[in-house]
Amino acid sequence: MIMTETTSGRPALEDTTTDHTADIAAIEQLIADVETGYNTNDAELMVSGFTANASAGNAVGAVVTGYGALLDAAERGLGGFLKDEYVRYEVSDINFLRPDVAVAHKLARASTAEGEPIDQDPAMVALYVLVEEGGRWWIAARHNTPVPKA
Numbered sequence: 001m002i003m004t005e006t007t008s009g010r011p012a013l014e015d016t017t018t019d020h021t022a023d024i025a026a027i028e029q030l031i032a033d034v035e036t037g038y039n040t041n042d043a044e045l046m047v048s049g050f051t052a053n054a055s056a057g058n059a060v061g062a063v064v065t066g067y068g069a070l071l072d073a074a075e076r077g078l079g080g081f082l083k084d085e086y087v088r089y090e091v092s093d094i095n096f097l098r099p100d101v102a103v104a105h106k107l108a109r110a111s112t113a114e115g116e117p118i119d120q121d122p123a124m125v126a127l128y129v130l131v132e133e134g135g136r137w138w139i140a141a142r143h144n145t146p147v148p149k150a
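In full-length UniProt numbering, the protein residues as written are 1 to 150.
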């Protein structure tokens, strides 16, 4: 791992000791599962990558903590106001702070049921905190931030 000191005296963290090619693919798949779960109204798939004590901040500022609560919120949302909504996600960056800790950003756009984008620009940005545990990657936290229209 590299920890360099910047001119401000603050550390810059980035793991350079590991080939993260497989890790990147696994993290991208976790986020793809969230997208597929959303688009198919499959709440279990949507939250399948979250840890037991994960937390997620949604687009209206509420924070939901714990796998059971996340599953319940996904079931209510996908069975209600999100039922006929569709999205496209794009992982914009993944930064490995340590070999087993990563931070990723995802851009979200509304789409048609066929996957055609409705939004030209991202409507939301999400921050993921991911950890590797037991030989796989998990979502420990996610926070969604709406992007105001210009």
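Note that CB positions come from ideal geometry on N, CA and C, so glycine has one too. Quantities reported herein were computed from a predicted structural model and do not represent experimental measurements.
Close-in-space but distant-in-sequence residues of the same chain around residue i (CB under 8 Å, 5 per side omitted)
| i | result |
| --- | --- |
| A150 | D121 |
| P148 | none |
Contacting residues, own chain, Cβ-Cβ under 7 Å from residue i (five flanking each side not counted)
| i | result |
| --- | --- |
| P45 | Note that residue 45 corresponds to Leu in the displayed sequence, not to Pro. Hits under 7 Å: D33, T36, G37. |
| D15 | M1, F96, L97, R98, P99 |
Nearest to residue i (by Cα), restricted to the options the options
| i | options | result |
| --- | --- | --- |
| R109 | A140, V131, D100, T145 | T145 |
| Q29 | E90, E116, E114, V125 | E90 |
| T112 | R88, G135, A26 | R88 |
| T18 | R10, D100, L82 | D100 |
| V129 | G135, K83, R142, R136 | R142 |
| A123 | R76, A59, E133 | A59 |
| K83 | V47, N53, I31, T40 | T40 |
| G115 | W137, R136, E85 | E85 |
8 Å contact criterion, which residue i and residue j should meet: CB distance rounded
| i | j | result |
| --- | --- | --- |
| I24 | I94 | 6 Å |
| L71 | A102 | Wrong, their Cβ atoms sit about 23 Å apart, outside the cutoff. |
| I27 | A126 | Going by Cβ atoms, the distance from I27 to A126 rounds to 13 Å, so no, they are not a contact pair. |
| A22 | V47 | That pair is no contact at about 23 Å. |
Burial state of residue i (16 or more Cβ within 10 Å)
| i | result |
| --- | --- |
| A12 | exposed |
| I118 | exposed |
| F50 | buried |
| K106 | buried |
| V63 | exposed |
| A56 | buried |
Sequence-distant residues of its chain with Cβ nearer than 6 Å to residue i (five each side left out)
| i | result |
| --- | --- |
| residue 156 | As displayed, the chain neither begins before 1 nor continues past 150, which places residue 156 out of reach and without an answer. |
| E132 | D100 |
Limits of the alpha helix (DSSP H) - the one that residue i falls within
| i | result |
| --- | --- |
| I24 | 21 to 39 |
| D72 | 67 to 79 |
| V147 | Note, V147: premise wrong, no alpha helix (DSSP H); not H, not E. |
| E132 | Unbroken run through E132 is the beta strand (DSSP E), 124 to 133; no alpha helix (DSSP H). |
Residue-chain proximity (residue i, chain D), Cβ-Cβ < 8 Å
| i | result |
| --- | --- |
| E14 | Absent from the structure is chain D; it holds one protein chain and no more. |
First through last residue of the beta strand (DSSP E) which encompasses residue i
| i | result |
| --- | --- |
| A108 | 101 to 111 |
| L82 | Here L82 belongs to no beta strand (DSSP E), and DSSP marks it neither H nor E. |
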